[in-house]
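Quick notes on the structure that follows.
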Amino acid sequence: MKIWQDEIFAPVLSIARVNNLDEAIELANQSRFANGACIFTNDGGSVREFRENIDAGMLGVNIGVPAPMAFFPFTGWKDSFYGDLHANGKDGLQFYTQKKVITTRWV
Numbered sequence: 001m002k003i004w005q006d007e008i009f010a011p012v013l014s015i016a017r018v019n020n021l022d023e024a025i026e027l028a029n030q031s032r033f034a035n036g037a038c039i040f041t042n043d044g045g046s047v048r049e050f051r052e053n054i055d056a057g058m059l060g061v062n063i064g065v066p067a068p069m070a071f072f073p074f075t076g077w078k079d080s081f082y083g084d085l086h087a088n089g090k091d092g093l094q095f096y097t098q099k100k101v102i103t104t105r106w107v
C-alpha cells in the first residue's frame with residue numbers, strides 16, 4: 001500500500017488489519033519511519049509490551065497524536081529524524097542514545 005511508504009503529516013486515518021499486538025508491532029517496526037505510534041487500550045499488559053517493543057520516538061497511549069510538551073525531543077527515529085541531534089533538553093548532550101517519550105491517558 002502506497003501510504004505505508006510515505007511519511008504523512010495530515011489528519012489521515014490509515015487502517016491495517018492484524019491478528020494480534022505482536023503482529024501490529026512487527027508491522028510498525030518494519031517501516032523506515034519512526035516518528036510516533038499510538039495504542040488505544042485498557043489493558044496495562046498490552047501497553048507495557050507496546051512501549052517496550054515499538055520502534056518510534058514518540059508514543060501515545062489512549063491519545064491520538066503523541067506530541068508532548070516542547071521540552072521533550074520533538075523528532076522521531078529512523079527516516080523521521082530531522083537534523084543531527086534532538087535539540088531540546090538532555091538530548092542535545094546525550095547523542096549516543098535513542099530516547100522514547102511515552103504520553104499516557106487512562107480513562
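Position 75 of the sequence shown, counting from 1, maps to 75 under full-length UniProt numbering, and the rest follow consecutively.
Beta carbons are placed, not taken as given, at the ideal position from N, Cα and C, and that holds for glycine.
Bear in mind that the values here come from a model prediction, so they are computed numbers and not experimental data.
Self-check item: Chain-order list of residues whose beta-carbon lies under 8 Å from that of Val47 (same chain, five-residue window excluded)
Solution: Ile39, Thr41, Val61, Thr104
Self-check item: Alpha carbon of Leu13 to alpha carbon of Asn35, nearest angstrom
Solution: 16 Å
Quiz item: Can you name the start and end residues of the alpha helix (DSSP H) that Ile15 belongs to?
Solution: Where Ile15 is concerned, there is no enclosing alpha helix (DSSP H), given that its DSSP letter is neither H nor E.
Quiz item: Under the three-state reduction of DSSP, which class applies to residue 125: helix, strand or coil?
Solution: Only positions 1 to 107 of the chain appear in the structure, and residue 125 is not among them; the question remains open.
Quiz item: Would you report the Cα separation of Ala56 and Val107, rounded to the nearest angstrom?
Solution: 24 Å
Self-check item: Assumed close pair Phe50, Ile25 - CB separation to whole angstroms, cut-off 8 Å
Solution: 7 Å
Quiz item: Taking Cβ positions, are Lys78 and Phe33 nearer each other than 7 Å?
Solution: yes
Practice problem: Counting only the same chain and skipping the five closest in sequence on each side, list residues whose C-beta sits under 8 Å from that of Glu7. | Solution: Phe33, Asn35, Asp79, Ser80
Self-check item: Cβ-based burial, Gly76 [other Cβ within 10 Å; buried from 16]
Solution: buried
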